[in-house]
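Number of protein chains: 2
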Amino acid sequence: MRREITGYSNPTVKYLRSLREKKHRKAAGEFLAEGLRLLTDARESGYLPELLVMAKTREAHTLLDVLEAEVLRSGGEVIETTPDILSKITGKSNPQAVTGVFKEFDTSLDVIDRDAAPIWMVAESLRDPGNLGTMLRTCDAVGAGGLILIDDCADPFSAEAVRASMGAVFTQNIARASWDEFLPWLRSGAGQLVAASLRDAVPYRGAAYASPCFVLVGNESQGLPEGYEAECDLRVTMPMRGRADSLNASVAGAVLAYEVLAALEK
Amino acid sequence: MRREITGYSNPTVKYLRSLREKKHRKAAGEFLAEGLRLLTDARESGYLPELLVMAKTREAHTLLDVLEAEVLRSGGEVIETTPDILSKITGKSNPQAVTGVFKEFDTSLDVIDRDAAPIWMVAESLRDPGNLGTMLRTCDAVGAGGLILIDDCADPFSAEAVRASMGAVFTQNIARASWDEFLPWLRSGAGQLVAASLRDAVPYRGAAYASPCFVLVGNESQGLPEGYEAECDLRVTMPMRGRADSLNASVAGAVLAYEVLAALEK
Chain C
556 MRREITGYSN PTVKYLRSLR EKKHRKAAGE FLAEGLRLLT DARESGYLPE LLVMAKTREA
616 HTLLDVLEAE VLRSGGEVIE TTPDILSKIT GKSNPQAVTG VFKEFDTSLD VIDRDAAPIW
676 MVAESLRDPG NLGTMLRTCD AVGAGGLILI DDCADPFSAE AVRASMGAVF TQNIARASWD
736 EFLPWLRSGA GQLVAASLRD AVPYRGAAYA SPCFVLVGNE SQGLPEGYEA ECDLRVTMPM
796 RGRADSLNAS VAGAVLAYEV LAALEK
Chain E
556 MRREITGYSN PTVKYLRSLR EKKHRKAAGE FLAEGLRLLT DARESGYLPE LLVMAKTREA
616 HTLLDVLEAE VLRSGGEVIE TTPDILSKIT GKSNPQAVTG VFKEFDTSLD VIDRDAAPIW
676 MVAESLRDPG NLGTMLRTCD AVGAGGLILI DDCADPFSAE AVRASMGAVF TQNIARASWD
736 EFLPWLRSGA GQLVAASLRD AVPYRGAAYA SPCFVLVGNE SQGLPEGYEA ECDLRVTMPM
796 RGRADSLNAS VAGAVLAYEV LAALEK
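See the structure below:
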């Protein structure tokens with residue numbers, strides 16, 4: 556179906572705007588992804604938006620035509636509107652000329668098939684959606700199977716996380732669990748839990764990584780709780796040659812994940 | 556000097572607020588750093604704020620007492636104000652209870668003593684202040700000497716960059732230059748320019764890194780201009796096992812810088 560929206564007070568506009576807030580995303584089970592590049596990544600990964608919203612002033616683009624046709628063919632809805640209304644929906648003064656509404660994915664631990672990939676990333680109480688999206692992007696790059704979000708993490712379906720993931724939100728499995736759910740699940744099968752740590756740790760280079768390797772990263776300001784570190788099969792240290800004793804969480808995860816990748820592919 | 560400010564329209568409040576904008580920072584040659592942790596990092600690195608602004612409702616803290624005493628001893632000013640006015644200055648609804656005003660540093664290439672460190676990071680048109688701050692933090696961690704910002708980069712003295720640097724803005728040398736200034740400067744002495752690239756590149760692991768090594772990272776969406784890549788002494792590739800062909804800029808820089816560190820320390 557195809558229609559045009561010209562009024563700010565249209566209920567669809569209100570609904571789309573509401574998806575910028577976590578509670579409304581949660582209630583609706585839907586999220587927004589902005590921009591043709593992200594929407595094309597989604598399509599190529601097998602995901603079409605339920606609803607495609609385009610500015611009437613958009614420039615023509617073959618990929619957009621393809622997307623539009625496929626959304627209509629799959630029974631989705633295509634909405635044309637003004638750039639101003641699109642700005643109101645995305646909350647950005649210079650919105651990308653197209654936005655899609657997607658159904659949120661299943662994020663239970665059931666989606667994680669640990670034997671499907673040699674590396675999995677695990678984030679504990681990661682609060683910054685940009686860091687979360689960046690970790691998803693890194694997961695894709697190292698050929699990980701997905702990202703497991705432990706305890707109170709940022710929402711992977713927030714606009715900022717989706718944007719920072721550069722499409723990886725559509726290619727990576729994402730699970731959400733408490734530590735008390737995660738640990739028994741992990742121990743119910745093969746899996747090495749590895750964390751960067753200052754306690755009882757070995758150098759991260761040349762450590763005995765094993766597949767499937769679960770790379771655990773802690774909260775941005777607190778790091779990992781001591782009890783969580785104690786449960787790890789391997790604790791590794793990265794060189795810290797300066798004044799600080801830690802890296803940005805998504806950076807630490809990436810440096811470690813690339814080391815694991817190199818070790819497992821040797 | 557010590558004084559109290561109670562009115563929103565106080566000229567000092569207006570001045571401090573103005574420092575949230577780049578043009579005003581540039582005109583004033585000053586910037587803000589928020590929070591006791593950051594201010595303590597600054598002090599331990601030899602930098603005291605010209606002006607220290609504290610909420611009257613702050614909790615007592617030994618480090619804050621030390622800071623306050625040193626600011627007063629050095630001829631700086633200490634201002635007490637309400638939490639609301641502090642919020643107005645920082646633009647955050649939940650401001651950290653203390654903010655300092657610092658003089659911007661010299662950011663000419665003259666500040667870079669290439670022989671003082673084995674690694675330097677170089678960012679080209681890096682637009683995201685969070686990425687910039689994260690790169691400064693990584694510089695500190697790998698024992699780099701500093702960050703050289705090429706062409707049109709984000710402002711290293713923005714609140715977001717300062718925050719993301721976790722104090723490294725005070726420990727790392729920062730230079731700003733155009734490519735046409737940087738390249739002749741680089742070639743006027745020893746220095747290996749290395750970039751992650753897809754063109755004519757060798758694997759990043761085991762590549763022949765040499766000190767002083769300048770690790771070059773490109774713009775978030777465009778990457779490096781082809782001509783800049785061509786000038787590099789070494790082009791390396793990182794594994795990309797997924798759909799995407801690039802990493803977050805600060806992540807790519809960190810993975811590469813840690814590889815260089817390991818190679819140079821072997």
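Those sequence lines, one after another, are chains C and E.
Convert by adding 555 to the 1-based position in the first sequence; the result is the number in our numbering.
Convert by adding 555 to the 1-based position in the second sequence; the result is the number in our numbering.
In this text, a Cβ means the ideal position worked out from N, Cα and C, and glycines have one as well.
Cutoff 7 Å: residue i Cβ touching any chain C Cβ
i: Asn803/E; result: yes
i: Asp695/E; result: yes
i: Ala588/E; result: no
i: Gly761/E; result: no
i: Gly701/E; result: no
Residue-chain proximity (residue i, chain E), Cβ-Cβ < 7 Å
i: Gly562/C; result: no
i: Met609/C; result: no
i: Tyr813/C; result: yes
i: Thr689/C; result: yes
i: Val806/C; result: yes
i: Gly698/C; result: yes
Beta-ladder partner(s) of residue i, from DSSP
i: Gly700/C; result: Gly700/C pairs with nothing; no bridge assigned.
i: Lys658/E; result: Glu585/E
i: Trp675/C; result: Phe769/C
i: Glu635/C; result: Glu559/C and Met609/C
i: Val757/C; result: Val791/C
i: Leu748/E; result: Phe769/E
i: Val653/E; result: Met609/E
i: Ile705/E; result: Glu679/E and Ala732/E
i: Asn774/C; result: Gly778/C
Cross-chain neighbours of residue i in chain C, by beta carbon under 8 Å
i: Thr726/E; result: Gly797 and Arg798
i: Gly655/E; result: Per Cβ cutoff of 8 Å: no residues; Gly655/E is ~18 Å from chain C at best.
i: Arg692/E; result: Ala799, Leu802, Asn803 and Val806
Residue j beta carbon less than 7 Å from that of residue i
i: Glu775/E; j: Arg692/E; result: no
i: Phe657/E; j: Pro604/E; result: yes
i: Trp734/E; j: Asp706/E; result: yes
i: Tyr759/E; j: Met793/E; result: yes
i: Glu659/E; j: Gly584/E; result: yes
i: Arg790/C; j: Ala756/C; result: yes
i: Trp675/E; j: Phe769/E; result: yes
i: Ala714/E; j: Ala652/E; result: no
i: Ala730/C; j: Ile703/C; result: yes
i: Val717/C; j: Ala588/C; result: yes
i: Leu779/C; j: Glu679/C; result: yes
i: Ser805/E; j: Thr662/E; result: no
i: Ser564/C; j: Phe725/C; result: no
i: Ile667/E; j: Ile560/E; result: no
i: Arg598/C; j: Leu627/C; result: no
Within chain E, partners of residue i - CB distance below 7 Å
i: Met721/C; result: Ala799
i: Leu810/C; result: Correcting the residue type first, residue 810/C is Val in the shown sequence and not Leu. Per Cβ cutoff of 7 Å: Ala809, Val810 and Tyr813.
Proximal chain C residues relative to residue i, where beta-carbon distance stays under 7 Å
i: Gly685/E; result: Gly685
Chain-ordered neighbours of residue i on chain C, where CB pairs are closer than 9 Å
i: Leu816/E; result: Pro794 and Arg796
Chain B within 7 Å of residue i, Cβ atoms only
i: Arg557/E; result: Protein chains C and E are contained in the structure displayed, whereas chain B is not.
Any non-hydrogen atom of the ligand COA within 6 Å of residue i CB
i: Met690/E; result: Here there are no bound small molecules, and the ligand COA is not part of this structure.
Does the contact criterion of 3 or more C-beta pairs under 8 Å hold for the region 792 to 811 of chain E versus the region 741 to 755 of chain C? Contact between the region 792 to 811 of chain E and the region 741 to 755 of chain C is absent, because fewer than three Cβ pairs lie under 8 Å.
Is the number of C-beta pairs between the region 801 to 812 of chain C and the region 688 to 703 of chain C that are closer than 8 Å three or more? yes
Using a Cβ distance threshold of 8 Å, determine whether the region 633 to 648 of chain C contacts the region 564 to 576 of chain C, with at least three qualifying pairs required. yes
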